[in-house]
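Below: one structure, written as structure tokens.
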Amino acid sequence: MPDRRGTADGRWSKRLAGTDIDQAMAFFTAGYDLRAPAVRRTSADSAWSFAGVGDERMSLRSSRFQVDLRSESLVTDEFIVVWIRTGTSRISYGGHTVDLQPGVPVVLPSDGAYQLHHRDIALNLVQLDRAFVAELAGDADFAFEPLQRPTAEGAHVWQQAVRAHSATWLDMGHELGDAARRTVADTFAAAALQAFPRRTAWRASVPGTGPEHERLRRALEFVHAHAAEAIGTPEIATAAGLSPRGLQQSLRRHLDQTPGDLLRGVRLDGAHTDLRRADRDETSVADVARAWGFGHLGRFSAAYRARFGELPSESLRSRS
Numbered sequence: 137m138p139d140r141r142g143t144a145d146g147r148w149s150k151r152l153a154g155t156d157i158d159q160a161m162a163f164f165t166a167g168y169d170l171r172a173p174a175v176r177r178t179s180a181d182s183a184w185s186f187a188g189v190g191d192e193r194m195s196l197r198s199s200r201f202q203v204d205l206r207s208e209s210l211v212t213d214e215f216i217v218v219w220i221r222t223g224t225s226r227i228s229y230g231g232h233t234v235d236l237q238p239g240v241p242v243v244l245p246s247d248g249a250y251q252l253h254h255r256d257i258a259l260n261l262v263q264l265d266r267a268f269v270a271e272l273a274g275d276a277d278f279a280f281e282p283l284q285r286p287t288a289e290g291a292h293v294w295q296q297a298v299r300a301h302s303a304t305w306l307d308m309g310h311e312l313g314d315a316a317r318r319t320v321a322d323t324f325a326a327a328a329l330q331a332f333p334r335r336t337a338w339r340a341s342v343p344g345t346g347p348e349h350e351r352l353r354r355a356l357e358f359v360h361a362h363a364a365e366a367i368g369t370p371e372i373a374t375a376a377g378l379s380p381r382g383l384q385q386s387l388r389r390h391l392d393q394t395p396g397d398l399l400r401g402v403r404l405d406g407a408h409t410d411l412r413r414a415d416r417d418e419t420s421v422a423d424v425a426r427a428w429g430f431g432h433l434g435r436f437s438a439a440y441r442a443r444f445g446e447l448p449s450e451s452l453r454s455r456s
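Residue numbers for the sequence shown follow my numbering, so the first one is 137 and each next one is one higher.
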């Protein structure tokens, strides 16, 4: 198949296919940093193919590989959104294992090596330059939470971007200027930011890979997602798959907190963020406090000052 690079509009294009498994492994090992891969044919005529178009910000790629492949891989300078069309794919990272589902996109780990097991796969992926996404997110340390499926709304946003722009991007017979390429890249990056959960520092506060650790992470995830709602220990425990007593014991053992401590801290952090971003001519401290479930303004102000070293009104003024 032809292999073209350095086209007039700045995109590269690459297409390869064959039945030589050694050639395929050399290509995929170099392209995806496969480490000590183990591969075996699943049929006498195992075939493979690759097609991709990209530039310095992003690329769209599709691969087919009719083998059983196990390997470790490492991605550090890019974010990869992947979804399988056929076959099976299992990804393991940080004690968490996910079986990819046809048509359901996930973001691969980008902060450490992960293990993969592909069998007779056909898959699509979108690669996004990490620095480009971080700039768009306004956070130099930005990362996605790996292997987390999007919500139904997020999946819809992502699918819309794929349907609206893939054909244009992949059409090498139609020249795309830099502004047009930037628009497509911005659309995909913005869709990813909306569709996939961001990495959160609190997950690192629960190291370990056992069932209790995972249940506690589910509790934290629920609290961070619903802290502005009328939730308490029963709702948090249910979301985590624990009894209220089990939740209390787990939090005390691993974080030295009660459920109330956890919820209060997350709500204070949310209020702090909102106050720092707010326009004081349009928002009051009382409005923000109520939005985060604090009914007593005096107690809110005292807890806020103890946590952040300043009064809520000072955080609000700092934007002026």
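Positions of the beta carbon are idealized from the N, C-alpha and C atoms, including for glycine. Since the model is a prediction, treat every value here as computed from it, not as a measurement.
Residue i lies in the alpha helix (DSSP H); which residues open and close that run?
{"i": "A425", "result": "V421 to A427"}
{"i": "P395", "result": "P395 to R413"}
{"i": "P448", "result": "P448 to R453"}
{"i": "H301", "result": "A288 to L306"}
{"i": "P434", "result": "The displayed chain sequence assigns Gly, not Pro, to residue 434. Per DSSP, G434 belongs to the alpha helix (DSSP H) from L433 to F444."}
{"i": "L391", "result": "P380 to L391"}
For residue i and residue j, which I take to be in contact (beta-carbon distance under 8 Å), what is that distance rounded to the nearest angstrom?
{"i": "L210", "j": "R266", "result": "Not really, about 13 Å apart at Cβ, beyond 8 Å."}
{"i": "G377", "j": "R335", "result": "Their Cβ separation, rounded to whole angstroms, is 23 Å, which puts G377 and R335 out of contact at 8 Å."}
{"i": "A331", "j": "G368", "result": "That pair is no contact at about 30 Å."}
{"i": "P282", "j": "P241", "result": "At roughly 12 Å, the Cβ-Cβ gap does not stay under 8 Å, so P282 and P241 are not in contact."}
{"i": "R226", "j": "A258", "result": "Going by Cβ atoms, the distance from R226 to A258 rounds to 16 Å, so no, they are not a contact pair."}
{"i": "G181", "j": "L312", "result": "The residue asked about is misnamed: residue 181 is Asp in this sequence, not Gly. Rounded, the Cβ-Cβ distance is 37 Å, inconsistent with contact."}
Give the straight-line distance between the Cα atoms of residue i and residue j, rounded to the nearest whole angstrom.
{"i": "V424", "j": "E450", "result": "13 Å"}
{"i": "G274", "j": "D158", "result": "42 Å"}
{"i": "W219", "j": "L433", "result": "48 Å"}
{"i": "A438", "j": "F444", "result": "10 Å"}
{"i": "S185", "j": "T155", "result": "9 Å"}
{"i": "G231", "j": "V342", "result": "12 Å"}
{"i": "M137", "j": "A153", "result": "Residue placement at M137 is poorly supported in this model, since its pLDDT is 34, which falls under 50; the coordinates still yield a value, given next. If you take the alpha carbons of M137 and A153, they lie about 6 Å apart."}
{"i": "W305", "j": "Y229", "result": "31 Å"}
{"i": "T323", "j": "T287", "result": "18 Å"}
{"i": "Y440", "j": "T409", "result": "12 Å"}
{"i": "H253", "j": "T212", "result": "20 Å"}
Which same chain residues end up closer than 8 Å to residue i when comparing Cβ atoms and leaving out the 5 residues on each side of it in sequence?
{"i": "A328", "result": "F215, V217, V243, V262, L264, V269, F280 and W294"}
{"i": "Q284", "result": "V242, V243, F332 and P333"}
{"i": "R354", "result": "A375, A376 and G377"}
{"i": "F190", "result": "It is worth fixing the name first, because residue 190 is Gly in this sequence and not Phe. R147, W148, L196, R197 and Q263, listed in sequence order."}
Count the other C-beta atoms from every protein chain shown that fall within 10 angstroms of the C-beta of residue i, then say buried if there are 16 or more, exposed otherwise.
{"i": "G346", "result": "exposed"}
{"i": "R389", "result": "exposed"}
{"i": "R455", "result": "At R455 the pLDDT is 45, less than 50, meaning the model places this residue with poor confidence and gives no usable figure here."}
{"i": "A422", "result": "exposed"}
{"i": "S379", "result": "exposed"}
{"i": "R177", "result": "exposed"}
{"i": "S179", "result": "exposed"}
{"i": "A315", "result": "exposed"}
{"i": "A325", "result": "buried"}
{"i": "P370", "result": "exposed"}
{"i": "D397", "result": "exposed"}
{"i": "R412", "result": "exposed"}
{"i": "H310", "result": "exposed"}
{"i": "Q202", "result": "buried"}
{"i": "G223", "result": "buried"}
{"i": "R147", "result": "buried"}
{"i": "D307", "result": "exposed"}
{"i": "R299", "result": "exposed"}
{"i": "P238", "result": "exposed"}
{"i": "A373", "result": "buried"}
{"i": "A317", "result": "The identity of residue 317 in the sequence shown is Arg, whereas the question assumes Ala. Classification of R317: buried, given that the 10 Å Cβ count is 16 or more."}
{"i": "A276", "result": "exposed"}
{"i": "A166", "result": "exposed"}
{"i": "H292", "result": "exposed"}
{"i": "A174", "result": "exposed"}
Between residue i and the rest of its own chain, which residues show a CB-CB distance below 6 Å, the 5 nearest in sequence each way excluded?
{"i": "G188", "result": "K150, S195 and R197"}
{"i": "D139", "result": "Note on D139: pLDDT 45, under 50, position unreliable in the model; the coordinate value appears next. Taken in chain order, the residues that qualify are K150."}
{"i": "R403", "result": "A363, W428 and G429"}
{"i": "F436", "result": "A425 and F430"}
{"i": "A160", "result": "W184"}
If I measure Cβ to Cβ from residue i and keep anything under 7 Å in the same chain, skipping five residues before and after, which residues do I get?
{"i": "E348", "result": "S386"}
{"i": "Q384", "result": "T394 and P395"}
{"i": "G406", "result": "A363, A364 and W428"}
{"i": "D247", "result": "A279"}
{"i": "A297", "result": "T323, F324 and A327"}
At what residues does the beta strand (DSSP E) containing residue i begin and finish?
{"i": "I216", "result": "E214 to Y229"}
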